[in-house]
Amino acid sequence: MSEVKVNKISPRSGTGLQLGDSGDTITIPSGATITNNGTQTGFGRTGTVDWVTTPKTSTFTAVSGEGYFINQSSQITANLPAGSAGAIVSFSDYARNFATYNFTISPNGSEKIGGIAGNATLGVDGQAATFVYVDSTKGWVNIQNAEDTETGAIPYSADFLVIAGGGSGGTASGAGNSEGGGGGGAGGYRTSTQSITPGNTVTVTVGDGGAAISPSNTQGNSGTDSSISGTGYTTITSAGGGGGGKSTTAGSAGGSGGGGGAGPSPFAAGGAGDTPSTTPAQGNNGGAGSDNSRAGAGGGAGGAGNAGSPSNPGNGGAGAASSITGSSVTRAGGGGGGNYDTTIASSGGSGGGGAGGGAAPSATPGVAGTTNTGSGGGGTSNNNASGAGGKGVVIISVPTASYSSTTTGSPTVTTSGSNTIMQFNSSGSYTA
């Protein structure tokens with residue numbers, strides 16, 4: 016085999032140059048590169064295009080051999096080039112909204128697409144198509160149609176219920192023990208629906224209830240906040256419930272306010288609820304105390320605490336119901352007000368609020384708020400302990416098809432219908 020080495024081959028005459036004869040095989044060895052700075056004809060293509068990586072956002076004219084990403088915010092059109100055998104163009108739905116804004120492909124003049132002299136339309140989100148010009152009978156033929164349903168990390172919707180720890184009841188003492196401590200306010204109660212992205216973590220903080228007060232004349236302890244937070248999420252924080260007031264002292268502010276203590280005039284006010292304020296409100300005010308040994312009750316998520324009166328201590332404010340777990344459950348009730356005379360009992364608010372206690376004729380302590388409901392504890396009178404606030408809770412509901420099962424903090428996991436529910440009774444996390 017002979018070898019010729021030159022830097023340039025040019026035709027001896029004219030402008031045409033032929034390599035070999037009919038039937039010959041021209042071999043380009045492995046590793047060699049051919050650079051085309053001119054126009055090719057007769058080579059055809061292997062069904063591929065060179066993709067233009069700047070997405071098209073308005074009507075344009077396609078060029079054979081190129082592929083285009085379509086980024087529509089309104090309907091646009093691609094005008095096809097004049098057809099020649101082997102010409103090829105491709106289109107792909109960059110914005111994945113072809114179903115909303117149909118993408119139109121228009122042939123050149125009277126040429127055809129798939130044998131029809133008219134426009135073609137791509138109308139499926141994520142669709143891509145490749146057209147090759149065959150002949151005047153069929154014109155441009157779609158040789159490769161794809162509907163890409165894989166879009167990477169697809170966000171999904173989650174429902175949240177965030178309840179803070181409830182406040183504990185207050186205690187009281189005075190001449191003849193004729194005073195009473197206010198009931199504790201329920202922890203703040205907030206709901207949220209958010210889009211969560213796979214791989215992102217929701218950090219869950221569950222607040223404790225306020226600790227019970229030993230026999231003394233002491234203000235109840237407020238509960239602590241509960242929250243959800245994380246990258247890509249709106250932080251939701253529910254405020255701890257306010258502690259009940261001691262004798263003649265106002266209840267503390269909180270998610271729901273504590274009840275005012277009972278004692279000589281002027282009356283002790285109930286604590287302010289929804290502190291800090293949110294929309295919709297996360298709680299209600301506590302009730303005021305009376306001057307005749309009947310204390311006010313703590314506010315609940317569903318209603319204000321009742322004020323004490325000369326004849327009765329206040330009953331706790333109602334809790335609020337949620338069906339996030341698949342059935343309706345009421346939580347975050349206010350604690351009942353304490354009073355000197357235990358023959359006249361106060362009740363805790365629906366949803367786990369603790370009843371108030373008293374001193375005479377038989378000493379009774381305040382009842383604790385139910386744990387993991389964020390309810391307030393009951394107040395009491397001299398020589399008795401008040402009721403502790405109930406610990407808070409955070410509940411997350413996600414579609415079972417999207418549930419990752421990656422959690423910390425050992426939540427209770429159940430299912431209801433098409434959803435998986437995680438109830439966090441203590442702090443933890445969920446990774447979407």
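Residue 16 is where the sequence shown starts when you use my numbering, and the numbers rise one by one after that.
For each residue, glycine too, the CB sits at the ideal point set by N, CA and C.
Counting only the Cα atoms, G203 lies some 7 Å from G269. Judged by DSSP secondary structure, I410 falls within the beta strand (DSSP E) whose first and last residues are V408 to P414. In the assembly as shown, P328 is a buried residue. Its beta-carbon has 16 or more other beta-carbons within 10 Å. Rounded to whole angstroms, P70 and A47 show a C-alpha spacing of 33 Å. Under DSSP, A335 shares a beta bridge with R346. Counting every other CB atom within 10 Å of its CB across the protein chains shown gives G182 a total of 16 or more, marking it as buried.
Counting other Cβ atoms within 10 Å of its Cβ, P426 reaches 16 or more and is therefore classed as buried. Residue environment analysis places N94 among the exposed positions, since fewer than 16 neighbouring C-beta atoms fall within 10 angstroms of its C-beta.
According to the DSSP assignment, V221 belongs to no beta strand (DSSP E), since it is labelled neither H nor E.
Cβ contact annotation for E126 (same chain, cutoff 6 Å, sequence separation greater than five): G98 and G154, in chain order. Here the C-alpha atom of A283 lies approximately 28 Å from the C-alpha atom of S241. Within the segment 185 to 252, complete beta strand (DSSP E) segments of at least 3 residues are found at 204 to 211, 216 to 220 and 241 to 244, given in chain order. Only exposed fits V428, as fewer than 16 other CB atoms lie within 10 angstroms of its CB. In this structure, the CA atom of A319 is about 5 Å from the CA atom of N299.
Between D65 and I158, the alpha-carbon positions lie close to 16 Å from each other.
Our two residues, P380 and S280, have alpha carbons roughly 25 Å apart in a direct line. Judged by DSSP secondary structure, L137 falls within the beta strand (DSSP E) whose first and last residues are A135 to L137.
Taken through DSSP and simplified to helix, strand or coil, V67 comes out as strand. Counting only runs that start and end inside the segment 342 to 406, the beta strand (DSSP E) elements of at least 3 residues fall at 344 to 346, 354 to 356 and 373 to 375.
Rounded to whole angstroms, the separation of the alpha carbons of T208 and G384 is 27 Å. Taken atom to atom, the span from the alpha-carbon of G369 to that of A375 is near 19 Å. In the three-state DSSP reduction, Q87 falls in the coil class, being neither helix nor strand. The three-state secondary structure of Y148, taken from DSSP, is strand.
Between T145 and the set S342, N160 and I131, the nearest pair of CA atoms involves N160.
Cβ neighbours of V156 within its own chain (closer than 7 Å, five residues either side excluded): G129, F146, V147 and V149.
Taken through DSSP and simplified to helix, strand or coil, E162 comes out as strand.
Within the same chain, and ignoring the five residues on either side of G331 in sequence, the residues whose Cβ sits closer than 7 Å to its Cβ are G198, A312, G313, G315, G320, G348, G349, G350, G351, S362, G363, G364, G368 and G391.
The straight-line gap separating the alpha-carbon atoms of V67 and G31 is approximately 33 Å. Note: Q142 is bridge-paired with E162 in the DSSP secondary-structure output. By the neighbour-count criterion, in which a residue is buried when 16 or more other Cβ atoms sit within 10 angstroms of its Cβ, N22 is exposed. In summary, S338 is exposed, with fewer than 16 beta-carbon neighbours lying within 10 Å of its beta-carbon over all protein chains present. Counting only the Cα atoms, F118 lies some 5 Å from L137. In this structure, S324 sits away from S193, with a CB-CB distance that is not shorter than 8 Å. With respect to the 8 Å criterion, G258 and N232 are not classified as neighbours on the basis of their beta carbons. Relative to the Cα of G288, the nearest Cα in the group G317, T72 and A143 belongs to G317.
With contacts defined by Cβ atoms closer than 8 Å, G222 and G255 form a contacting pair.
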